[in-house]
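2 protein chains.
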Amino acid sequence: MESNIIFLPIALAILGLVFMYIKMTWVRKQNPGSEKMQQISKAIKEGALAFLDAEYRILVVFVIVASVALFGISYMVPATSWMIVPAFVIGAFFSALAGNIGMRIATDANTRTAEAAKTSLPQALKVSFGGGTVMGLGVAGLAVLGLSLLFLFFLGQFMSQDGSFYDNMTMVLEALAGFSLGAESIALFARVGGGIYTKAADVGADLVGKVEAGIPEDDPRNPATIADNVGDNVGDVAGMGADLFGSYVATVLAAMVLGNYLIKDMSATTQFTDAFNNMGPILLPLVIAGVGVLASILGTFLVNITSNDAREPQVQKALDTGNWAAIGLTWVASWFLIKWMLPMQMDMTFFGEGVKSIPSRHVFYAATIGLAVGALISMVTAYYTSLGKKPVLNIVKNSSTGAATNIIAGLAVGMKSTFASVILFAAAIFGSYTLAGFYGVALAASAMMATTAMQLAIDAFGPIADNAGGVAEMSELDPEVRERTDILDSVGNTTAAVGKGFAIASAALTALALFAAYVTFTGIDGINIFKADVLAMLFVGGMIPVVFSALAMQSVGKAAMEMVQEVRRQFREIPGILEGTGKPEYAKCVDISTQAALREMLLPGLITIITPIIIGFLFGAEPLGGYMAGVCVSGVMWAIFQNNAGGAWDNAKKSFEAGVEINGKMEYKGSEAHKAAVTGDTVGDPFKDTSGPSMNILIKLTCLVGLVIAPILGHHSEINSVAGNNVEVEMVVENDFAKATVNYSVIEDGIVSDEIKEFEGTEAEVNEAIKVFESTLKIDENRQVIINEVIIEKI
Amino acid sequence: MESNIIFLPIALAILGLVFMYIKMTWVRKQNPGSEKMQQISKAIKEGALAFLDAEYRILVVFVIVASVALFGISYMVPATSWMIVPAFVIGAFFSALAGNIGMRIATDANTRTAEAAKTSLPQALKVSFGGGTVMGLGVAGLAVLGLSLLFLFFLGQFMSQDGSFYDNMTMVLEALAGFSLGAESIALFARVGGGIYTKAADVGADLVGKVEAGIPEDDPRNPATIADNVGDNVGDVAGMGADLFGSYVATVLAAMVLGNYLIKDMSATTQFTDAFNNMGPILLPLVIAGVGVLASILGTFLVNITSNDAREPQVQKALDTGNWAAIGLTWVASWFLIKWMLPMQMDMTFFGEGVKSIPSRHVFYAATIGLAVGALISMVTAYYTSLGKKPVLNIVKNSSTGAATNIIAGLAVGMKSTFASVILFAAAIFGSYTLAGFYGVALAASAMMATTAMQLAIDAFGPIADNAGGVAEMSELDPEVRERTDILDSVGNTTAAVGKGFAIASAALTALALFAAYVTFTGIDGINIFKADVLAMLFVGGMIPVVFSALAMQSVGKAAMEMVQEVRRQFREIPGILEGTGKPEYAKCVDISTQAALREMLLPGLITIITPIIIGFLFGAEPLGGYMAGVCVSGVMWAIFQNNAGGAWDNAKKSFEAGVEINGKMEYKGSEAHKAAVTGDTVGDPFKDTSGPSMNILIKLTCLVGLVIAPILGHHSEINSVAGNNVEVEMVVENDFAKATVNYSVIEDGIVSDEIKEFEGTEAEVNEAIKVFESTLKIDENRQVIINEVIIEKI
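Below is the structure:
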């Protein structure tokens, strides 16, 4: 069993995909409603697929160019195989496939949810959540399957080569990094492109429709209404799916890389062996991911409501039950998996502190920290963005003095929300590292991400319900139907905000794990910001998320303006359009959003990918590390700020629907205060759906690009530090072996004994070994040790 | 001459103060105008002084508490004398004095400027710029005088003690850090308190006056109008003055600390001596500052216009001429000073690269980089915030579709403006460090700050002209007068924005120099963000500027709401107020702003000061370094973003006064697009006048607090790394001496000779010496050196 454990995640991934298929068939068997509903749903689906097709055509070009570049890297660097190229292509393909599956089912589920809402709310939840489940399992199943199969394949390719276990495994993992890079690249474009699409359509539709023409949301007379509904799918469904697919893969990969490093640490004295083909610590993250898929499937069975009179709290509770069950199951399972797959005690090198012996349960505690902090950050997000809580009420209050004070209050809420999130996040880094080093940090992230399938199911049901409402409105169904879908939509808004908190927390932890893997791959001994070039790049890195966000927001603004002009034109030129007798040209609006999104996604995407490459080659490995840290620190702040400000503005606006009391007076929809709140929400739209969520991918992709070029940079910085030509480097490398003799005295209970310890290896290794040796001596408190002499000799 | 050089900056500072006195007398001799004008001016002055009095009462308590804490630190740490306490108190007093002088002259100059504007524009410029000059010279003169005299005094106290030159000088500079800490602490409260005051009054006055009641700005019927004008003085004059006073002192101090470190480096082989009592590199920054005062005085003579028909470009040109002359003079003078005061060649330790020999002209190049980058960043700021340039025009265009698109465009402009500024800034760090190490970075900052007197004169004349316009409006002078003061005010807006760019650039460079001084004082060997605790604190540091900004903005919002309620109450309850027959209760509004500012400034202030202390004591020196870096990186981004977004919104609104063309249609004041632009400006107000400029002080103060507690932390981290109890530490420290023997072979022209080199000292020193020795060997290319054996022995 143990030696074939790699087949466990494969089996669980296939199980997930089978269950997905069953669920998909079930959803498609539901009644799709009247002819008109089907027509609308079909228009949305066609618009969405047309966008994906156009996007894929551009991405194919990108994948080809990037593949050539990757092939060049693999040619230059001995530690990187050319197989990174097919891995990259497969990663890109799987990511696109995951988004595609999600979007097809979402566009099938919307009209069926609307039809089901005619019967009852429980039925509507069942259909919409069923659609979300398909999406979640598709993403998680494909991620685990792709990673496991490629890993198995690369094991066969590289492990039988000459060279140490560590070096061969490094080749395996470097090739596997291609899969992650492919997935994350597609995710970037899907997220940014989708984000621009959805908000351009939304803002454009609202500005002319709601504000100028005074017609309600989703009104069929509005030419941008189909584009708006398409946007929900390409942004919130396909974009989010690709994002989490990328996070999931990157997290598991980073943990595997650090597992390999752990094995190297443990092999320092005697060769590491275990029952899992000597790679338990590397396989553990994959197995936890597989078990997470199973836990998510079980969790979905708990998501249902029985009463037709249920409202938001009951729906929320049903989702929470399923979510907590999945998390709890994963948590319990990881206790047993860690006990089973890791050695009881592990030697780990802690930077600057030498080697410590870590019991395997510490890894479990680190995973627990990951789960706990993920949950806590989600709660913080919920607090800052939920209806009826102090932050949102404060924005509502500030709406009474106009749009300006509403905006100031919303910005302040977003900014303040960074406090608790960052403190929690810093505690997670500190805690999980103290417990089990960077392997602990990676496992914390892996545990957080294990229930991605469930998270995504909860996230994706929202836009499906939102679309169902749109279909109901456009096909003029009974208002009761819209009421029911609105309940689901409202819960969906909260889960979306919480999901974003979860996404940024996991992205940041993943980035840290990748960052640690990067330092390991390059072989530098840390990233010292007291060096001026490292510090300079820390600042440059800090600037990138800000400029990225600006570009994304500006793109939305530009595209929305185009949409506004087009809608105004149609209102002006098509006779009878506002009376409902003329037919709006929906396709033109869909086309504007599509073109704008594709055009505008390129610059931010290329900045993200190319900047770290330029910095790495110009300045070397350590400054690139500074850049990566700058992107992470700044990216986390701007992500939290933008997501939470946007979420809070949205719900401040929603508060007026039920009526709110400001200074003793009730204010409703249509009041001046409500108009101010609508302005705030419009500002918040690109924050929360375009630039904010893009930060996750920016952070992860930056670290991934660094990781892929790491082996070249390691080489590069070595040349730099010797500052000579290649011949000299060769010579230095060949003559760089040394022997060290340490003479020391041990004083125990007053008895002095002199002892000798010898080390051999490269000079750097010997120096490191002496440091480690010295630090282990100092840990022991019952006896005194005095080092008398250290002799280092070149050999 | 050389050995008494310290008296040169003292003499120049006194010269500056004498010239200030002459100018002050001249301004006060000008005609203060009619009875009514004097009454209004008196009300503004009284309001401003009342605020300062109330502020000082609170700050006295703060100074006493902080003094006790500092005394405790000096008691615990041998390297810190109790004299840091009087230095701190004097720094606080000087800072307050500088703000006070500036505000008194500003409130005297406003009515005189209005009166002068009756005659001609050149005369109005002369009076208002005269007021600004008084302020600038007061700040610069007091800063140089205080620093020089205290330095002279501490030299007498500490340099005759036992111990090395370096250790004694460290005590001198650590005590002098107290002066800087005092100055910066007062600056923090003055900036934040003043910023909250001015914007609460401004936003409050505008929301009810302009928007609800439809009366113009500065209308005497508006009860908040006096508070608004008081705000210009306490925020833009006193706050800005204290801010630049703090920057100026901190920059010079940091350069002095790094000069001391440079002397230590050069004394590694033979004791450093020069004609300047062996402290040329320490005195140089002081002398440059003194010469900068002189250059500024000369520059002010060039600021005048002759034609009464002059408009904004001519006024701007007059100011530019004076500014560039001052900068040019300083630049030329620094060439000679550097040649004169520094050794031709200097040995400098470059972190991780060993010792390099640096010619003194490299220090001049570094100073040139400082001046150039300061000017370039000012230009970037001008581009993003000026009337008629693309970014502002883009905001104007986006105003046509409402407040939401205006806000999105403004946010995007602010965010995008970080790109060029940060690239320039990173280049400055990289360039000046590469040229002359951290001493080069400090000299770059010193050169940038040398013309502070001139900068401040240009900055302070704006609010004086703004106030003059207010006085003219309220005392119903001829519209021509208002037109003339409006020209000055408009130029003042641009110089204010540019001044903010300059302030943040200099603050950031100062912070870096302080950061380098911090690393030196603590004795840690760098700040490695690959350590989890350092990384965690980097994130916490990155969060602080965001939360600080949120608190500042929220305070403005809260205080503005109180102001709105009060103004509404007066409009409702005082009969005839809007007809001009009832008299508004101005004092009540002044009181609201005062109370709110004092109440709200405390929390952000305490967070800034206490957080680094907590982190230092809990986690040690290196994580605190990570925290400091996080604050700097994030603070610089948020400062640039907020300042430039605010400036751009302001000028987008101003564009409508002359009329703008949007989509082929001219739009003026009062149009829907203009209303949207007013909303944007209101959001920008706290950005550019409260939270944005506070970032400078947050950054500097964080690094200064770190510097002051650095000696304790150095000790602290030593204890940590040995991980034992105190007895053990004592033992280790006493037994920590070692002797190293390096056996090496030199191969020159094929001839091999074996040589031996010995080092003695503490273990750390020996290790460092070996590293330095090895690196010097590698620099030499004409011969090969092979190290055969290194023996390190405990002695």
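Read top to bottom, the protein sequences are chains A and U.
So for the first sequence, this note's numbering puts the first residue at 1; every next one is plus one.
So for the second sequence, this note's numbering puts the first residue at 1; every next one is plus one.
Note that beta-carbon positions come from the ideal geometry of N, C-alpha and C, so glycine has one too.
Note that this is a predicted model, so its numbers are computed, not measured.
Of all the options the options, which has the alpha carbon lying nearest to the alpha carbon of residue i?
| i | options | result |
| --- | --- | --- |
| U/LYS583 | U/ASN222, U/ALA289 and U/PRO359 | U/ASN222 |
| U/GLY499 | U/PHE515, U/ASN467 and U/ILE458 | U/ILE458 |
| A/THR300 | A/ALA428, A/PHE19 and A/VAL567 | A/PHE19 |
| U/GLU184 | U/SER247, U/THR452, U/LEU17 and U/SER490 | U/SER247 |
| U/LEU329 | U/VAL211, U/ASN767 and U/ALA450 | U/ALA450 |
| U/THR599 | U/GLY146, U/TYR197, U/THR113 and U/VAL752 | In the sequence as displayed, the identity of residue 599 of chain U is Arg instead of Thr. Per the Cα distances, U/TYR197. |
| U/LEU387 | U/ASP274, U/THR401 and U/VAL491 | U/VAL491 |
| A/VAL139 | A/ASN467, A/ALA187, A/VAL742 and A/ALA409 | A/ALA187 |
| U/PHE502 | U/ASN323, U/GLY431, U/SER81 and U/LEU181 | U/ASN323 |
Determine, for residue i, whether the minimum Cβ-Cβ distance to residues of chain U falls below 8 angstroms.
| i | result |
| --- | --- |
| A/LYS700 | no |
| A/SER3 | no |
| A/ASP533 | yes |
Hey, does residue i have any beta-carbon neighbour from chain A nearer than 8 angstroms?
| i | result |
| --- | --- |
| U/ALA447 | no |
| U/MET695 | no |
| U/GLY630 | yes |
| U/MET553 | yes |
| U/VAL636 | yes |
| U/LYS416 | yes |
| U/MET798 | Residue coverage of chain U in this structure runs from 1 to 795, which leaves residue 798 of chain U outside it and unanswerable. |
| U/PHE530 | yes |
Report buried or exposed for residue i, applying the criterion of at least 16 other Cβ atoms within 10 angstroms of its Cβ.
| i | result |
| --- | --- |
| U/GLU624 | It should be noted that the sequence gives Leu, not Glu, for residue 624 of chain U. Buried is the call here. |
| A/MET666 | exposed |
| U/LEU284 | buried |
| U/PRO686 | buried |
| U/VAL733 | Confidence at U/VAL733 is low in this model, with a pLDDT of 36, below 50, so the placement of that residue should be treated as unreliable; the coordinate-derived value is given next. Exposed. |
| A/SER634 | buried |
| A/MET135 | buried |
| U/LYS45 | buried |
| A/ARG569 | exposed |
| U/GLU476 | exposed |
Go ahead and pull the three-state DSSP assignment for residue i.
| i | result |
| --- | --- |
| A/GLU566 | helix |
| A/SER417 | coil |
| A/VAL790 | strand |
| A/SER95 | helix |
| U/ALA224 | coil |
| A/GLU768 | helix |
| A/ALA275 | coil |
| A/ASP754 | strand |
| U/SER81 | coil |
| U/GLU734 | Residue confidence for U/GLU734 is low, a pLDDT of 38 falling below 50, so the modelled location carries little weight; the figure read from the coordinates is stated next. U/GLU734 falls in the helix class under three-state DSSP. |
- request: Pick out the complete beta strand (DSSP E) segments inside the region 144 to 183 of chain A, 3 residues or longer, and give them in chain order.
  value: The region 144 to 183 of chain A contains no whole beta strand (DSSP E) run of 3 or more residues.
- request: Give, in chain order, every unbroken run of the alpha helix (DSSP H) that is at least 4 residues long and sits entirely within the region 400 to 459 of chain U.
  value: If we require 4 residues or more, the alpha helix (DSSP H) runs fully inside the region 400 to 459 of chain U come out as 403 to 416 and 418 to 450.
- request: Pick out the complete beta strand (DSSP E) segments inside the region 356 to 402 of chain U, 3 residues or longer, and give them in chain order.
  value: Runs of the beta strand (DSSP E) inside the region 356 to 402 of chain U: none found.
Complete alpha helix (DSSP H) runs within the region 532 to 597 of chain U (minimum length 4 residues, chain order): The alpha helix (DSSP H) runs of length 4 or more contained entirely in the region 532 to 597 of chain U are, from start to end of the chain, 532 to 573.
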